[in-house]
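2 protein chains.
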Amino acid sequence: MNEVDPSTEQLILEAARNVFLQKGMSGARMQDIADEAGINKALLHYYFRNKSRLFEMIFREALQKLLVSIKDIVDNDMSLEEKITTICVRYISMLSENPYLPLFVLHEIHQDPRRIIQFFKEKEIEFHLQKFFLQIQDSISHGSIRQVSPPQLMINIISLCVFPFAAGPLIKSIFGIDQWQFQMFVEERKKQVPEFVLAALRPAINNPS
Amino acid sequence: MNEVDPSTEQLILEAARNVFLQKGMSGARMQDIADEAGINKALLHYYFRNKSRLFEMIFREALQKLLVSIKDIVDNDMSLEEKITTICVRYISMLSENPYLPLFVLHEIHQDPRRIIQFFKEKEIEFHLQKFFLQIQDSISHGSIRQVSPPQLMINIISLCVFPFAAGPLIKSIFGIDQWQFQMFVEERKKQVPEFVLAALRPAINNPS
DNA sequence: ATATAGTTTAACCAAATGGTTAATACGGAA
DNA sequence: TTCCGTATTAACCATTTGGTTAAACTATAT
Chain A
226 MNEVDPSTEQ
236 LILEAARNVF
246 LQKGMSGARM
256 QDIADEAGIN
266 KALLHYYFRN
276 KSRLFEMIFR
286 EALQKLLVSI
296 KDIVDNDMSL
306 EEKITTICVR
316 YISMLSENPY
326 LPLFVLHEIH
336 QDPRRIIQFF
346 KEKEIEFHLQ
356 KFFLQIQDSI
366 SHGSIRQVSP
376 PQLMINIISL
386 CVFPFAAGPL
396 IKSIFGIDQW
406 QFQMFVEERK
416 KQVPEFVLAA
426 LRPAINNPS
Chain B
226 MNEVDPSTEQ
236 LILEAARNVF
246 LQKGMSGARM
256 QDIADEAGIN
266 KALLHYYFRN
276 KSRLFEMIFR
286 EALQKLLVSI
296 KDIVDNDMSL
306 EEKITTICVR
316 YISMLSENPY
326 LPLFVLHEIH
336 QDPRRIIQFF
346 KEKEIEFHLQ
356 KFFLQIQDSI
366 SHGSIRQVSP
376 PQLMINIISL
386 CVFPFAAGPL
396 IKSIFGIDQW
406 QFQMFVEERK
416 KQVPEFVLAA
426 LRPAINNPS
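If you're matching them up, the sequences are chains A and B in order.
The numbering of the first sequence is my numbering, which starts it at 226 and goes up by one.
The numbering of the second sequence is my numbering, which starts it at 226 and goes up by one.
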């Protein structure tokens, strides 16, 4: 009796996830979510007080998936080269299964940047970031990669992984390809992007002084 | 009498631009736009039949600015290296002055991908694209850059230029920097990105067989 | 069986929102 | 001055939308 039937709650969350990720907070209608879940609209308010709360659940979950998976990948003892390759491959894979994640999160953060403030207090993103930056600096000092600003490099890597998903429909349209060909294109990037980044980091040919 | 007072129409478009770029189609309220323009809500409907039409104007204009500036840059007789550098510098500059453009356009295309179909019929994007791809192929054959898929390379370049703007608020938050420092960061990218791309394209050191 | 607690629904409500209308202000032509 | 067409507004309307309520349903324990 005191136990909540998880299936309904999960059903709603699943439906909300679909609708919110597709239409965003302002574009989503509670009725849409109810329909998608095959339940009455009032039931949404029974489980989740209001639209904002329901949205919050989905947004946090999405932000989590988007940021924490980076943290997890970065936070281990691989070499920089291995790490970069792993980030790209795993991150592109994750996004292939959640292609709407980036645009959704970016759009909602843009709507209200306060949405992230609290988040970073909890997780220790900055800490893990610092460690990664140090590793980059070490590789530079060591001469194994060429001089580059760690934050710039990091944004470069993220850009190359994430942007194609945010721009999915545009890319399909420009290249005149369908969903399936797009997936091939993205699959190809799992090889291309790490190659590209590592090539960009290779120290220039020694000047023969 | 027959002449429309341009100032009011422009005033509305300016206001609509601000509001739509900030909040998107579904998040924008006609009242917001009227307020922003300092006029009555009915006047919006007098000049532009309805919300969709007004939105269409702004969206087309935005898409135009985002895509045509690429075309213009790509369509000249520079060397590939010059062209890449020019694209990055000019495109990042343009986006610095229109930072909301990417997220707005990407989000609205995602909402309704049909919005682009018509657009590509008019412009000859594909044609210019083909020319650019051929130039890349030539450079590869010529051995002046290493083997790389032209579409992948193109998406790489666009990603590196555009993504930081789509992720502006997120980047500020992660790095704990303010608007001004972010602008510095972006300014720095005008150098970093072309450097990065050209380094990635430099042919590998000859294998000494 | 029936009381009880959690679950689900149909019907309803108030506010927000896109859009309309009729009346008014304005500015130049006659 | 007096028209007359354009520009502008206040008031209004219909629909949508987030949210509420009270009743009905379900299952379990006694």
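The beta-carbon is built from N, C-alpha and C at its ideal position, and this holds for glycine as well.
Original post:
Going by the CB atoms, is the gap between Arg371/B and Ala424/A shorter than 8 Å?
Top reply: yes
Subject >> Neighbour-count burial assignment, Leu238/A, 16 or more Cβ in a 10 Å radius >> reply: buried
Original post:
When we look at the beta-carbon of Ser277/B and count the other beta-carbons within 10 Å, is it buried (16 or more) or exposed?
Top reply: exposed
Subject >> Helix, strand or coil at Asn432/A [DSSP, three-state] >> reply: Since pLDDT at Asn432/A reaches only 49, below the 50 mark, its modelled position is unreliable, and the value read off the structure follows with that caveat. Coil.
Subject >> Span of the alpha helix (DSSP H) around Ser304/A >> reply: Segment: none, Ser304/A is in no alpha helix (DSSP H) and carries neither H nor E.
**OP:** Answer yes or no: do Pro389/B and Val422/B have a C-beta to C-beta separation smaller than 8 Å?
**Re:** no
Original post:
When we look at the beta-carbon of Leu320/B and count the other beta-carbons within 10 Å, is it buried (16 or more) or exposed?
Top reply: buried
**OP:** Report the residue from Ile382/B, Gly401/B, Ala253/B, Arg254/B whose alpha carbon sits nearest the alpha carbon of Ile317/B.
**Re:** Ile382/B
Original post:
Checking contacts by CB at 8 Å: is Glu413/B closer than that to chain A?
Top reply: yes
Original post:
With a cut-off of 8 Å, does the C-beta of Gly249/A fall near any C-beta of chain B?
Top reply: yes
Subject >> Residues within the region 349 to 376 of chain A neighbouring chain B, beta-carbon criterion of under 9 Å >> reply: Ile350, Glu351, Leu354, Arg371, Val373, Ser374, Pro376
Original post:
Any C-beta of chain A sitting closer than 8 Å to the C-beta of Phe400/B?
Top reply: yes
Subject >> For Ile283/A and Phe344/A, believed in contact at Cβ under 8 Å, the rounded distance >> reply: No, Phe344/A and Ile283/A are not in contact; Cβ-Cβ is about 14 Å, not under 8 Å.
Original post:
Are Gln336/A and Gly393/B closer than 8 Å when you measure CB to CB?
Top reply: no
Original post:
How many Å lie between Pro338/B and Tyr325/A at the Cα?
Top reply: 14 Å
Subject >> Neighbour list for His270/A in chain B, Cβ cutoff strictly below 9 Å >> reply: Under the 9 Å cutoff, chain B gives no residues; its nearest Cβ is about 21 Å from His270/A.
Original post:
Under the three-state reduction of DSSP, which class applies to Val411/A: helix, strand or coil?
Top reply: helix
Subject >> Listed by chain order, chain B residues near Ala241/A by CB distance under 8 Å >> reply: Neighbours of Ala241/A on chain B: none; closest Cβ ~16 Å, over 8 Å.
Subject >> is_contact[Ser304/A, chain B] using C-beta, thresh 8 Å >> reply: no
Original post:
Between Met255/A and the rest of its own chain, which residues show a CB-CB distance below 7 Å, the 5 nearest in sequence each way excluded?
Top reply: Lys266, Leu269, Lys276
Original post:
To the nearest angstrom, how far is it from the Cα of Gln406/A to the Cα of Glu286/B?
Top reply: 29 Å
**OP:** Could you check how far apart the C-beta atoms of Arg340/B and Glu333/B are, in whole angstroms? I think they sit under 8 Å.
**Re:** 6 Å
Original post:
For Ser321/A, is the beta carbon positioned less than 7 Å from some heavy atom of the ligand MG?
Top reply: Among the ligands in the structure shown, none appear at all, so the ligand MG cannot be discussed.
Subject >> Within-8 Å CB hit, Ser321/B to chain A >> reply: no
Subject >> Minimum length 3: unbroken beta strand (DSSP E) runs contained in the region 264 to 329 of chain B >> reply: none
Original post:
How many Å lie between Ile295/A and Arg242/A at the Cα?
Top reply: 21 Å
Original post:
Do Leu288/A and Pro327/A have their C-beta atoms within less than 8 Å of each other?
Top reply: no
Original post:
Does DSSP put Asp337/B in a helix, a strand or coil?
Top reply: coil
Original post:
Which residues in the same chain have their Cβ closer than 6 Å to the Cβ of Leu236/A, if we skip the five residues on either side of it in sequence?
Top reply: Ala262
Original post:
Are any of the Cβ atoms in chain B nearer than 8 Å to that of Val293/A?
Top reply: no
Original post:
When you check each C-beta in the region 271 to 290 of chain B against every C-beta of chain A, which residues fall closer than 7 Å?
Top reply: none
Original post:
Beta-carbon separation of Asp302/A and His353/A under 8 Å?
Top reply: no
**OP:** Answer with yes or no whether the minimum CB distance from Pro389/A to chain B is below 8 Å.
**Re:** yes
Subject >> Gly249/B classed as buried or exposed, judged by whether at least 16 other C-beta atoms fall within 10 angstroms >> reply: buried
Original post:
DSSP state of Lys416/B, grouped into three classes?
Top reply: helix
Subject >> Reference Val314/A, options Ile365/A, Gln377/A, Lys346/A, Leu385/A, closest by Cα >> reply: Leu385/A
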